[in-house]
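Engineer: In my numbering, the protein residues as written are 23 to 254. Please find one structure pasted underneath; my questions will follow.
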């Protein structure tokens, strides 16, 4: 995940089927123990290869795999949550550089979600439960994560506007999760829609790794706040 705090890797380990699901979704194996993949959700290596080799024959499934690749790319390099004061002041240059990088991640995630939206009608006719679950999860995930990054960037932007000096006894600041979102309604509605999508997925695909992942995501706050911090 981009800004969440996933639990440490489960010592028991997830099954190969679960690991393959995570790989296709572009997610790391850092969510703890997940339910195994039921037989009716399984696919063979040959079936997966057919999608990759012939995207024109499987347009929805090919876009799903591309969306997973976008998630993996965006997840590579989590945005910083701690910012050390420089001579007691905010390092605005460093923050603006971070904002630029995050803006690029937002663009990539929103482009991926737009691709999925364009194939909504096709998704409603997808016969295989694996690809149904993939589609629903990635759609909800992308909406939530792009909204969270908008909130993150807003928190950084507000810090620049406030131009704060480090509080007495503190040597920096940190960005921490918050229930309240401060972006315009469009961003708040996007996060809400994403959570509703994941909640529905958990009900539609119970006892699966997709349901487990959806439950973890749906419970997370999407807002962020800027706080003084004692950094090591």
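Note that beta-carbon positions come from the ideal geometry of N, C-alpha and C, so glycine has one too.
Going by alpha carbons, who is nearest to residue 235 out of 198, 155, 212?
Structural biologist: Taking only the C-alpha atoms, the option nearest residue 235 is 155.
Engineer: Distance check for residue 129 and residue 100, CA to CA, integer angstroms please.
Structural biologist: Cα-Cα distance, rounded: 16 Å.
Engineer: Just to confirm my understanding: we take residue 168, look at its own chain, exclude 5 residues before and 5 after, and list those with CB closer than 8 Å. What are they?
Structural biologist: Excluding positions up to five away in sequence, the list reads 128, 131, 132, 135, 212.
Engineer: Have a look at residue 220 and residue 152 and give me their C-alpha separation to the nearest angstrom.
Structural biologist: Computed Cα separation, rounded: 15 Å.
Engineer: Could you pull the DSSP bridge partners for residue 196 from this structure?
Structural biologist: BP columns for residue 196 point to 104, 249.
Engineer: Please state whether DSSP places residue 254 in a helix, a strand or coil.
Structural biologist: DSSP places residue 254 in coil when its eight states are reduced to three.
Engineer: Just the C-alpha distance for residue 84 and residue 148, rounded to the nearest angstrom, thanks.
Structural biologist: If you take the alpha carbons of residue 84 and residue 148, they lie about 13 Å apart.
Engineer: Please report the straight-line C-alpha distance between residue 31 and residue 248, rounded to a whole angstrom.
Structural biologist: Because the pLDDT of residue 31 is 49, which lies under 50, any placement of that residue in the model is unreliable, and the number read from its coordinates should be weighed accordingly. Going by the C-alpha atoms only, they are around 29 Å apart.
Engineer: Taking residue 37 and residue 230 to be in contact with their CB atoms under 8 Å, please state how far apart those CB atoms are, rounded to whole angstroms.
Structural biologist: Contact flag wrong, Cβ pair sits at about 12 Å.
Engineer: Let's see if you can read the secondary structure: which residues bound the alpha helix (DSSP H) around residue 93?
Structural biologist: Residues 81 to 97.
Engineer: Rounding to the nearest angstrom, what Cα-Cα distance links residue 181 and residue 166 in this structure?
Structural biologist: C-alpha separation (whole angstroms): 23 Å.
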